[in-house]
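Chains as they are written, first to last, in our numbering: chain A, -14 to 156; chain B, -16 to 454; chain C, 209 to 616.
C-beta: ideal position from N, C-alpha, C; glycine also.
And the structure:
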């Protein structure tokens, strides 16, 4: 039963990466890490699965294509067929620019919204754990602890170069 | 990887090595300090220009577009020139933020934030012109397909002008989102540094509760990659669609299949000139010389030179094929450009866009901010004239000699252009004040030295810590 | 890994006098070259018009590939990109085809009358437009331009290879203790810039001369750039194929999925870019519907339409299979898509050239035989150029970076 988080703050991304890797390999539960920039290799060190936003983006893009093509074709052939320049009503080459733009619009805006929801970010949201320096120059590892192993985990991160270790309650 | 070998191959991204927290201090300083005198001067000059523009636009809307120098032969002139000019300016921002990201060009981190801001402000300026050109801008919503009681009467999806509406509005939306996504981590940095509560509250809302979570960062990187992948074809499509406004027509000088890529190259060309103009001023005024170094200017000058050459190649194609086609109207247009009433504009255009940028072949020129500044101004003028040449010269002597006409702008048109510059710079000055002008997190990721001030050369160059461990 | 251990390995390989790329493919190429020569000779005897057309299409296609492969290298050299170092010589050696290609191109001047209607004085005399153009489109000027263009290509490609060689040799010396210059790539960057300017400008001229003038009544300002984009996408596909072939023979063990990944990205991006130019050219002509212009696509309807559909399906739709990350790293899939793209852009060049001279698509032993011949000569010329030096240049200052290249 998890009660608390052990917050270990490192000076460098390399220390954070090796500590994270070691924590994962020794079976400790990584709650999260907090870093000022996307540290290369963090994904692999934390053992996080590759993000599936790409799939979301692809599906939203397809939805954009379907919406744009469907609507334009419906308008041009059914709802308001208009002879323009003697071209056929369903003149595909003329429908492509808008189809493309809507594909990008749906995919980009939709993926951003999904990202915000998934990451629990919204205007006015409060940081889950407000940590000193995590947006400046500290590299922080948060490990889950319970009453029994708190001491041991603190020692574990200290051995791996943590400059500062403390405990906080789970948010 | 052998760090010393890498260092010999690529110059460092900052002049003086800085630690992560020093970078934060440097970049946040202008946002946190009181503005300097030069900022006030610049800002009020811009607001004045904006006000002049606003007054003249109000006058134009109240009176009608008869206040412009247009006539029934030259129905598009100053306004559409400004529209194409401003849309083009925006393209460099997306190129830096998206295309150079895909090409893994790390130097982009120093300029991408302000270039993207420039994109958004430029597209806003661009949007004004078709709007006021409508004469009745309060009916602008007619451009969008919405259910209505007139049929429903839909817009014509086969019209390039409608494509433009979709392209420009998508571009503005996606650029703004992309920009904001990039800003999130930096807004959180500003929030965490804020001393007073109002500031903390405002930046707290704006930063969406960003806490630097590794899981979020991992998703964020994927999102950034996807957005870059989407923005890249988007930016190409925008000026392509703008070029379709002309190229689908039968007007000589407009109907040319080379227009789409040629317009895109020209847009990037003019956009980079504007980025150079702005960054040369900003790096000095904001004291960012350590981040936007001479090497950054050098790299941007090279892109400017490449796009100048593409534009020159397109000019050559147009002139050659005008003769080669054997089409009387095309050859007349080519001659009318070079020797007609607007020949001075054409010659200045060629000088500014093709001849002057050739100076950039010299490394000494590419690393002299003052010379680059003047070259970039010349390119801005040249690219504005390019759109004027394309639009006005093709129209003013059309197929029917009896309808040939002249065109000269009125004070209202000139003042509106001034106003659009006012809007652009007002936005830019505000941006410098309230948002970090350089992407803090991104610059740190490629240029920060380890925490305690001790300098390790490998990380200046390479964004991939961890590789240093290998033998 | 550092470059000194690598150079030792290369030296051992050359000491064993193992020739990279030897084996079944090389023997097949020799056979193909003979088949091509025989079928071209037979075709010239039986149907010269078809024979010259087939030769022009294939030769121009492979010349474009050779030139664009070098342009790819030059563009990377200019921005000091490191990841490509293990592939540099593979791409650079594709320029080996420029010389046999130039010979074939000059030889096809003999068939100019059969290819180009503007070369026939009787037709020109009766055609106002052709009289107007004859100041430009006449055989002597055409031949002079052709020779100049080909010399520029060969000269600049050699200069670039020499600049690379000189840089890599200097790098070798550096490791013996001579202080490294601040920027070892200085000369390479300059030559690359000159190469790109000169070769892109002359390629536009070549495309206008050799292909566009097949239909001298038609003009499209985009055409040269369109042909260039087609050649560029094909060059990327050929580079991928050659690199994988070498790796499978054990001659390019340095090639890793990360390199394929980046090649795959390029392949996808430039397939889309090609489609963009195709759309730009097609849509504008379709939209404006000016008879002189739309004649080009009218000519490509009817029996040619199916080929156009295949062209778009292969060159535009198929590369979307490369979008998922894993696909670009899968060698088998990369081979399949690259092969398809090489065939697809061949079809594109075929559709640029053939419809002006034939009512129905000529596709028989003449075209296939010539195609096999030209492709085989390309392969052999590439192999010859490749074998002049180590497959991977050990002194390349960016080699260490390329060997460890990692795509996240």
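Identity of the residues DSSP links to residue i by a beta bridge
i, result
"residue -10/A", "129/A and 153/A"
"residue 15/A", "128/A"
"residue 2/B", "432/B"
"residue -5/A", "124/A"
"residue 36/A", "In the DSSP output, where bridge partners are listed per residue, residue 36/A has none listed."
Integer Cβ distance of residue i from residue j, believed to fall under 8 Å
i, j, result
"residue 244/C", "residue 472/C", "Incorrect: roughly 31 Å between the Cβ atoms, too far for contact."
"residue 125/A", "residue -6/A", "5 Å"
"residue 275/C", "residue 361/C", "6 Å"
"residue 287/C", "residue 368/C", "The pair is not a contact, with the Cβ atoms about 15 Å apart (cut-off 8 Å)."
"residue 554/C", "residue 244/B", "Not quite, the Cβ-Cβ distance comes to about 23 Å (not below 8 Å), so this is no contact."
"residue 396/B", "residue 249/B", "22 Å between Cβ atoms; not a contact."
"residue 136/B", "residue 65/A", "7 Å"
"residue 172/B", "residue 120/A", "4 Å"
"residue 29/B", "residue 405/B", "5 Å"
Coil, strand or helix - residue i by DSSP
i, result
"residue 384/C", "Summary for residue 384/C: the model assigns pLDDT 45, below 50, so the residue's position carries little reliability, and this model does not support an answer."
"residue 601/C", "coil"
"residue 386/B", "helix"
"residue 220/B", "helix"
"residue 64/A", "helix"
"residue 196/B", "strand"
"residue 227/C", "coil"
"residue 200/C", "Absent from the model: residue 200/C. The displayed extent of chain C is 209 to 616, so no value can be given."
"residue 501/C", "helix"
"residue 139/B", "coil"
"residue 255/C", "coil"
"residue 242/C", "helix"
"residue 111/A", "coil"
"residue 572/C", "coil"
Chain C residues whose Cβ lies nearer than 7 Å to that of residue i
i, result
"residue -7/B", "288"
"residue 230/B", "492"
Residues near residue i in its chain [Cβ-Cβ closer than 8 Å; skip 5 each side]
i, result
"residue 524/C", "479, 480, 482, 483 and 486"
"residue 463/C", "294, 295, 451, 452, 454 and 455"
"residue 298/C", "447, 450, 451, 454, 460, 594 and 599"
"residue 348/B", "284, 342, 354, 355 and 358"
"residue 280/B", "259, 262, 263, 349, 350, 352 and 355"
"residue 417/B", "14"
Residues that residue i contacts on chain A, provided the C-beta gap is smaller than 9 Å
i, result
"residue 94/B", "What residue 94/B touches in chain A: nothing, since even the nearest Cβ is about 17 Å away."
"residue 107/B", "Those within 9 Å of residue 107/B in chain A number zero; the least Cβ separation is about 18 Å."
Partners in chain E for residue i, counting only beta-carbon separations shorter than 8 Å
i, result
"residue 491/C", "Protein chains A, B and C are contained in the structure displayed, whereas chain E is not."
Contacts of residue i in chain A (Cβ-Cβ under 8 Å)
i, result
"residue 487/C", "78 and 81"
"residue 621/C", "Outside the modelled stretch of chain C, which goes from 209 to 616, sits residue 621/C, for which no answer is possible."
"residue 474/C", "Here the premise fails: no neighbours, minimum Cβ distance about 19 Å."
Proximal chain B residues relative to residue i, where beta-carbon distance stays under 7 Å
i, result
"residue 13/A", "In chain order: nothing, as chain B lies at least about 15 Å away."
"residue 427/C", "304, 307 and 308"
"residue 103/A", "202"
"residue 340/C", "309"
Neighbourhood of residue i by C-beta distance below 6 Å, restricted to the same chain and skipping five residues each side
i, result
"residue 507/C", "563"
"residue 293/B", "248"
"residue 84/B", "211"
Interface partners of residue i on chain A, CB under 7 Å
i, result
"residue 195/B", "19, 20, 21, 119 and 120"
"residue 4/B", "121 and 122"
"residue 205/B", "36, 38 and 39"
Sequence-distant residues of the same chain with beta carbon closer than 7 Å to residue i, five excluded per side
i, result
"residue 75/A", "58, 61 and 62"
"residue 234/C", "591"
"residue 177/B", "183 and 186"
Cross-chain neighbours of residue i in chain B, by beta carbon under 9 Å
i, result
"residue 44/A", "The premise fails here: residue 44/A is roughly 12 Å from chain B at the closest Cβ pair, so nothing lies under 9 Å."
"residue 480/C", "216"
"residue 498/C", "233 and 238"
"residue 114/A", "194 and 196"
Interface residues of chain C facing residue i [CB-CB closer than 8 Å]
i, result
"residue 294/B", "Those within 8 Å of residue 294/B in chain C number zero; the least Cβ separation is about 13 Å."
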